[in-house]
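Quick note, the sequence shown lines up with residues -1 to 455 if you use this note's numbering.
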Amino acid sequence: MKNKKIGLFVLVMFIVGSIDSLRNMPSNALFGAPLIFFFVAAAITFLFPIALISAELTSYHPDKNGIYLWIKEAFGEKVAFLGIWLQWINTATWYPSILSYIAGGIAYLADPSLATSKLFAVIVILTVFWSLTLLSVKNFSLSAGFATFCTVAGFVLPFCVMATLAIIWKVDHHAVQIQLNWHTLVPQFSNINDWISLTTIITAFLGMELATVNVQNIKKPERNYPIGVISASFIILLTMIVGSLAIALVIPQKQIGLTTGIFETFQYYLNAFHLNNWVYIVCALVVLASIGEMINWIISPARGLQQAAETGTLPKALAKNNQHGMPANILILQAILVSLVCLAFTLFKTVNDIYWLLTDLSTELYVLMYVFMFLAALSLHYKHRHIKKPFTIPGGTPMKWILCVLGLISCFITLIVGFIPPSELDFGSRLHYALVFAAGLLILCLPGIILMKRKSI
């Protein structure tokens, strides 16, 4: 069965749905008015460089793309494998956080008392993840269509509701939890919490390049991918700022729950405007959006790891596609590993703390991969400078250097700040958190480093 090609609109919704999430907004709202400054700064130094660079890298080869192939062409198979390992293994720490968020949302809708039930969480987590994995194994175009539906129904509609109510709230001069003026918008750079907010915002921008490994499933990729990724970047930036502010306006900073904050915000706004009956409908749509968000994150890292398996770095069985052209063996292996991690996740007691730790670990791993990507982009720029490309970054070589240097600076700042926990969460001493965090990074990176040392298994 031949998969259908996806068009520009589906591609934009696919990228937006993979990155732009109401789920990320409570952690951004935690830092108040300065989040606007950091969002714009992170967009200029991180989001837009990734969008533009991945768009140009995609134009080098019309059929196959992705982190693994770019790094391989620049630095060889071993370094490329480490890069794709970082992208893939970060999902092992990211999936538990979003799956627990989905489980909490379903519990909020069905019976709030279930939110503390580990058995309920395990059942929901395994059911949702395995269902999405089997959907992805079956047919990519169906998955992309489902993800697009989830994005429109589960993100666009609830976001419009929340943004509209927040604007009305502000215009009607209701009480607000933050003040928006010049003094509050500019961060206090001496305050470590303001720098930590950069980590959460970088987290909200991860994954812009994911769709490149599925470039063979995109109609006219040389035209549609650059337009799609740049359009998605502006949509993501605007919605993240507005959505995070909508939460910060009404929920006190100390009371923002990382996994429940978005549901509490909708309940607060809708109850205040006497729209109580809409609370469960809107929250159900938010859960739907999170399910759709996972589609691209299930498929794309697995596709990248498959490219590594094709070179012999991993067992050849992992390089095979099924009759639908999907890397079924890797997807099933991924589901098994994620299931084990999710089961371990339920052993922790403090949801906010473990949610932050896993998100921080995931961000750190992904940012390490971006270091390889920016360096590969510079290398390939000179290697392919005489190739006629359908898309080139405006400004030529100087602009390419500026974008890559800005991206690398953002990555290094994020890597350093990632070792420092926010004061709002209780991790004990900063040294204790840094040691636990470093141990987690080592455990997750070590298998990739060991496998990188060998050509085949």
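For every residue, glycine included, the Cβ atom is placed at its ideal position computed from N, Cα and C.
Just so you know, these numbers come straight off a predicted model, no measurement behind them.
Relative to residue 411, the option among 101, 200, 18, 57 whose CA is nearest is 200. Per DSSP, residue 269 is one residue of the alpha helix (DSSP H) stretching across 259 to 270. DSSP places residue 391 outside both helix and strand once states are collapsed to three, so it counts as coil.
Ranked by Cα distance from residue 154, the first of 48, 448, 290 is 290.
Per DSSP, the unbroken alpha helix (DSSP H) holding residue 168 starts and ends at 155 to 169. Here residue 369 has 409 as same chain residues with Cβ atoms under 6 Å from its own Cβ, once five neighbours each way along the sequence are excluded. Ranked by Cα distance from residue 240, the first of 178, 376, 189, 270 is 178.
Within the same chain, Cβ atoms closer than 6 Å to the Cβ of residue 358 are found at 416, the five residues on either side in sequence being excluded.
Scanning 190, 307, 50, 152 for the CA closest to the CA of residue 261 turns up 152. A distance below 8 Å between beta-carbons, with the five flanking residues on each side excluded, links residue 439 to the following residues of its chain, in chain order: 359, 362, 363. Taking the Cβ atoms as the reference, residue 401 lies roughly 6 Å from residue 50, within the contact range of under 8 Å. For residue 21, no alpha helix (DSSP H) segment is defined, and its DSSP state is neither H nor E.
Contact between residue 246 and residue 27 holds, with the beta-carbon distance rounding to 4 Å and staying under 8 Å. The criterion of a C-beta distance shorter than 8 Å is satisfied by residue 230 and residue 13. At a Cβ-Cβ threshold of 8 Å, residue 53 and residue 66 do not count as neighbours. With a threshold of 16 other beta carbon atoms within 10 Å, residue 354 meets it and is buried. For a cut-off of 8 Å, the C-beta gap from residue 97 to residue 127 is around 6 Å, short enough to register as a contact.
In the three-state scheme derived from DSSP, where H, G and I count as helix and E and B as strand, residue 216 is classed as strand. With a threshold of 16 other beta carbon atoms within 10 Å, residue 180 falls short and is exposed. In the DSSP annotation of this structure, the continuous segment of the alpha helix (DSSP H) that includes residue 428 starts and ends at 428 to 450.
According to DSSP, residue 249 shares a beta bridge with no other residue.
Taking the C-beta atoms as reference points, residue 146 is found no nearer than 8 Å to residue 255.
DSSP places residue 79 in the uninterrupted alpha helix (DSSP H) bounded by 75 to 108. Assignment of residue 176 by DSSP, reduced to helix, strand and coil, places it in the coil class. Following the DSSP letters along the chain, one finds residue 4 in no alpha helix (DSSP H), marked with neither H nor E. Residue 371 carries a helical assignment under DSSP once its states are collapsed to helix, strand and coil. By the C-beta density criterion, residue 301 is buried, having at least 16 other C-beta atoms within 10 angstroms. If you check the CB distance, residue 285 and residue 156 do not come in under 8 Å. The count of Cβ pairs closer than 8 Å, one atom from the region 67 to 77 and one from the region 269 to 277, stays below three, leaving the stretches out of contact.
Look at residue 416 here: in three-state DSSP terms it is coil, with no helix or strand label. Looking only at 326, 222, 110, 316, the smallest Cα-Cα distance to residue 5 is reached by 222. Of the residues 436, 167, 93, 375, the one whose Cα lies closest to the Cα of residue 263 is 167.
Between residue 118 and residue 112 a beta carbon distance of about 5 Å is seen, short of the 8 Å cut, so the two are scored as contacting.
One thing to note: residue 129 has its Cβ no nearer than 8 Å to the Cβ of residue 324. Per DSSP, reduced to three states, the secondary structure at residue 205 is coil, with no helix or strand assignment.
Between residue 90 and the set 20, 340, 419, the nearest pair of CA atoms involves 340.
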